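The sequence shown runs 2 to 157 under my numbering.
Just so you know, even glycine gets a beta-carbon here, dropped at the ideal spot from N, CA and C.
Here the structure is a predicted model, which is why all the values come from computation and not from measurement.
Let me begin by presenting the structure, written as C-alpha cells, before commenting on it.
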Amino acid sequence: MITRFRRYVGGVLAVFLLTASVQAHAAASLRNEMQLGLALRVSPPCCVVDARTAAAREASPLDEALVYREDLRINPTATVVVVADTDEAALAVADSIAAAHPGSPVLAVEGGVLAWQRVLTRINAEPPGGRAFQFVIPKNTCEHGPALQQLRTAPR
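Below, the structure written as C-alpha cells:
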C-alpha cells in the first residue's frame, strides 16, 4: 500500500516537474546582469535583438544586433537576447519571440543597453589569475621521462 502511494506521488511529481521545466524553458524571462552572465557562459547567444528606439540605437549602437520589427524572422539555434529601452518593452518583445519559437530560450535584459554592455565586458574578461603562459602535456602520468610536448605562448 505504501509502495503504491510512493509510486503514485513520485509519478505525479515527475510529471509536474517535467511540465514546469518545459514551460520555464520555453518562456521568455527578464534577467539581471548576474543571471545573464551565468546563463550566457553556459550557452552563448545566437543573436541579440535590439528593440530600442531609432534615436537610442544611433546614440549607442550594438554591434551585430538585429533591429526588432514585427515581421522579424530568425532561426534561433541558441539563446536569444533582447535589449530594449525599458524592462517592460524588452520582456514584451521577448515574449513575442518566445511565442514564435517555442522551446528556444529567450532572455530579456533588465537594465537596458548599459547592463548588456557590462554583461559583455564580464563575459569577455580574462579569467581570474589571467591566462596560462605555459602548459605541459604529460607523456603519461605513470611513465618517467621528458614531457611529450611543451606549449608556450608569447608574452603580450
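Three-way DSSP call (helix, strand, coil) for residue i in this model
i       : result
Asp-51  : strand
Asp-30  : The sequence shown places Ser at residue 30, rather than the Asp named in the question. Strand.
Ala-109 : strand
Leu-67  : strand
Thr-80  : strand
Arg-164 : The structure shown has nothing for residue 164, since the chain only spans 2 to 157.
Residue i, buried or exposed, once every other Cβ within 10 Å from all chains shown has been counted against 16
i       : result
Pro-46  : buried
Arg-153 : exposed
Option in the options with minimal Cα separation from residue i
i       : options                         : result
Ala-55  : Asp-86, Gly-130, Leu-115        : Asp-86
Ser-105 : Leu-37, Val-43, Asn-76          : Asn-76
Glu-34  : Pro-103, Val-84, His-102        : Val-84
Leu-121 : Gln-36, Leu-31, Ala-100         : Gln-36
Gln-118 : Ile-3, Ala-101, Ser-61, Ala-100 : Ser-61
Gly-112 : Arg-32, Pro-128, Ala-126        : Arg-32
Check whether residue i and residue j have beta carbons under 8 Å apart
i      : j       : result
Asp-51 : Tyr-69  : yes
Ile-98 : Val-107 : yes
Ala-29 : Asp-72  : no
Val-94 : Leu-63  : no
Own chain partners of residue i with C-beta closer than 7 Å, once the 5 adjacent residues on each side are dropped
i       : result
Ile-124 : Gly-38, Leu-41, Arg-42
Residues of its chain near residue i, where Cβ-Cβ distance is below 8 Å and the 5 sequence neighbours each way are ignored
i      : result
Ala-90 : Ala-52
Leu-67 : Cys-48, Val-49, Val-50, Asp-51, Leu-73, Ile-75
Ala-57 : Asp-86, Val-114
6 Å CB neighbourhood of residue i in its chain, flanking five on each side removed
i       : result
Cys-44  : Reading off the sequence, residue 44 comes out as Ser, not Cys. The answer, listed in chain order, is Ala-79, Thr-80.
Val-82  : Pro-46, Val-49, Leu-108
Ala-116 : Glu-34, Val-110
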